[in-house]
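Asks: Residue numbers (this note's numbering): 38 to 457. C-beta atoms are modelled at their ideal positions from N, C-alpha and C, and glycine is treated no differently.
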């Protein structure tokens, strides 16, 4: 009796397996005919039974992935279809049991479609769509981590900050470096340096005789940039503590990165911790003495604190490095103007005695001297940037001359303004 029962059970299982195999074949046919709704319905009907048997699980997931892939090829909700495909293919790989070459072929096709979608979306400035597409390239081809980085960059460009943060955090966990070796050669005809990530391509160019000066260079690591972006995004979300932790992690790994230190300083600036901001900015200027932005930022901080002489010192350094920095020129002039303005209250408080009049004239001369020093700074800027006169600088300069009652120079600057 027991033997009969076992035989019946075996026959039942065999019948179910046969039914599963038949239904999965029907799914395959529907996919090949682009009958996506029919294929989806058939997949749903066989799902529970197929997933209960490891023998058919891999085939089920492959078909589900192939359905998503075919929908993407047909332009049916491309991003979601690719996402369905990448998720299904990942499950198929976990389950195993099917040819890895078949799975790889399908994944490569999906990655190709995702690349095309991402590039097309990026060129149309549809950065969110580009980010989602580039993410799917990585999901389908995890060795291509560059596309996860591209997804993160695209997400930041469309202000999808949480999406970008998730991508950057994943890149951090992957220890993504992003540096690469570029192979270059000079085109003898054009004189241009042509670069390629492929050494064989460069070497083939050299063999033509049309190229010279073969070189190779390693591009900088993107790890510091990734950590900076994580911190920025935390700051944007108001998560200052997480931002500081991100910078602390980065500083341990990149202690000599001046840009990183400057950005950490900016977080403390937003937190209102000016002492920490100043200390970090000075550390950054020690590492990057030729960084005009670092010098300028320390100048701004001192200007806000009323330290005109100290602020001026840093604005002058910034202008020495970058003579076209209009903001540095105007703020440097403002340090002199502030010193002149500070004398006005004293002048107004004086009376009409002989001593008061004498003191008034002394203070007025000091005030005017400060204004003229401010004018000198702005004139120097105008002189150094004749082809690109800055309207705001010129307006500031004309107002100073008006305050000095120097009509000759006022008219000179006014003429420049009128002609631009």
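Please go through the stretch 183–264 and give each complete beta strand (DSSP E) segment of 3 or more residues, from N-terminal end onward.
Replies: 218–224, 230–233, 248–255
Asks: Assign residue 494 to one of two classes, buried (16 or more other C-beta atoms within 10 Å of its C-beta) or exposed (fewer than that).
Replies: Missing from the structure shown is residue 494; the chain here goes from 38 to 457 and no further.
Asks: Closer than 7 Å to a non-hydrogen atom of the ligand FMN - does that hold for the CB of residue 108?
Replies: With respect to the ligand FMN, the structure shown offers nothing to examine, as it has no ligands at all.
Asks: Leaving out five residues on either side along the sequence, give the residues of the same chain with a beta carbon under 7 Å from the beta carbon of residue 156.
Replies: none
Asks: Roughly how many angstroms separate the alpha carbons of residue 453 and residue 429, rounded to a whole number?
Replies: 12 Å
Asks: Determine the contact status of residue 267 and residue 283, defining contact as a CB-CB distance below 8 Å.
Replies: yes
Asks: Around the C-beta of residue 394, are 16 or more other C-beta atoms found within 10 angstroms, so that it is buried, or is it exposed?
Replies: That one is exposed.
Asks: Would you kindly work out how many angstroms separate the C-alpha atoms of residue 382 and residue 401, rounded to a whole number?
Replies: 11 Å
Asks: Using CA atoms only, rank isn't needed, just tell me which of 216, 215, 214, 233 is closest to residue 223.
Replies: 233
Asks: When burial is assigned at 16 or more other CB atoms within 10 Å of the CB, is residue 303 buried or exposed?
Replies: buried
Asks: Is the CB-CB distance between residue 61 and residue 98 below 8 Å?
Replies: no
Asks: What separation, rounded to the nearest whole angstrom, lies between the Cα atoms of residue 179 and residue 433?
Replies: 56 Å
Asks: Are the beta-carbon atoms belonging to residue 133 and residue 119 less than 8 Å from one another?
Replies: no
Asks: For the stretch 411–452, which segments carrying the beta strand (DSSP E) assignment without a break, of at least 3 residues, lie completely within its bounds, in sequence order?
Replies: Positions of the beta strand (DSSP E) runs, each at least 3 residues long and wholly inside the stretch 411–452, cannot be given because no such run exists.
Asks: Helix or strand or just coil, what does DSSP make of residue 274?
Replies: coil
Asks: I think residue 159 touches residue 191, with their Cβ atoms under 8 Å apart; what is that distance to the nearest whole Å?
Replies: 6 Å
Asks: Span of the alpha helix (DSSP H) holding residue 156?
Replies: 137–160
Asks: Less than 8 Å between the beta carbons of residue 116 and residue 150, yes or no?
Replies: no
Asks: Using the Cβ count rule (16 or more neighbours within 10 Å means buried), how would you classify residue 455?
Replies: Per the 10 Å Cβ criterion, exposed.
Asks: Between the stretch 235–255 and the stretch 269–282, are three or more C-beta pairs nearer than 8 Å?
Replies: no
Asks: With 16 as the cutoff for other CB atoms within 10 Å, does residue 241 come out buried or exposed?
Replies: Classification for residue 241: exposed.
Asks: Tell me the DSSP secondary structure of residue 390 in three-state form.
Replies: DSSP, reduced to helix, strand and coil, places residue 390 outside both helices and strands of the structure shown, so it counts as coil.
Asks: Whole angstroms are fine: how far does the CA of residue 217 sit from the CA of residue 81?
Replies: 45 Å
Asks: Answer yes or no: do residue 457 and residue 423 have a C-beta to C-beta separation smaller than 8 Å?
Replies: no
Asks: Just confirm the distance between the C-beta atoms of residue 369 and residue 349, as a whole number of angstroms; I'd bet it's less than 8 Å.
Replies: With a contact defined as Cβ atoms closer than 8 Å, residue 369 and residue 349 qualify at about 6 Å.
Asks: Taking the C-alpha atoms as reference points, what is the distance between residue 66 and residue 260?
Replies: If you take the alpha carbons of residue 66 and residue 260, they lie about 47 Å apart.
Asks: Classify residue 291 as helix, strand or coil using the three-state DSSP reduction.
Replies: coil
Asks: Under the rule that 16 or more other beta-carbon atoms within 10 Å means buried, what is residue 8, buried or exposed?
Replies: No answer is possible for residue 8: the residues shown for the chain start at 38 and end at 457.
Asks: Just to confirm before moving on: does the CB-CB distance between residue 380 and residue 366 stay below 8 Å?
Replies: no
Asks: Cutting at 6 Å between CB atoms, please list the residues of its own chain near residue 404, excluding the five before and the five after it.
Replies: 377, 380
Asks: Can you list, in chain order, the residues of its chain whose CB lies under 8 Å from that of residue 207, leaving out five sequence neighbours each side?
Replies: The residues are 185.
Asks: Using DSSP with H/G/I as helix, E/B as strand and the rest coil, what is residue 308?
Replies: coil
Asks: To the nearest angstrom, how far is it from the Cα of residue 174 to the Cα of residue 152?
Replies: 6 Å
Asks: Beta-carbon within less than 6 Å of residue 63's beta-carbon, same chain only, minus the 5 sequence neighbours each way: which residues are those?
Replies: 79
Asks: Of the residues 228, 442, 255, 229, which one's Cα is nearest the Cα of residue 236?
Replies: 255
Asks: Among residues of its own chain, excluding the 5 on either side of residue 410, which ones have a beta-carbon nearer than 7 Å to its beta-carbon?
Replies: 373
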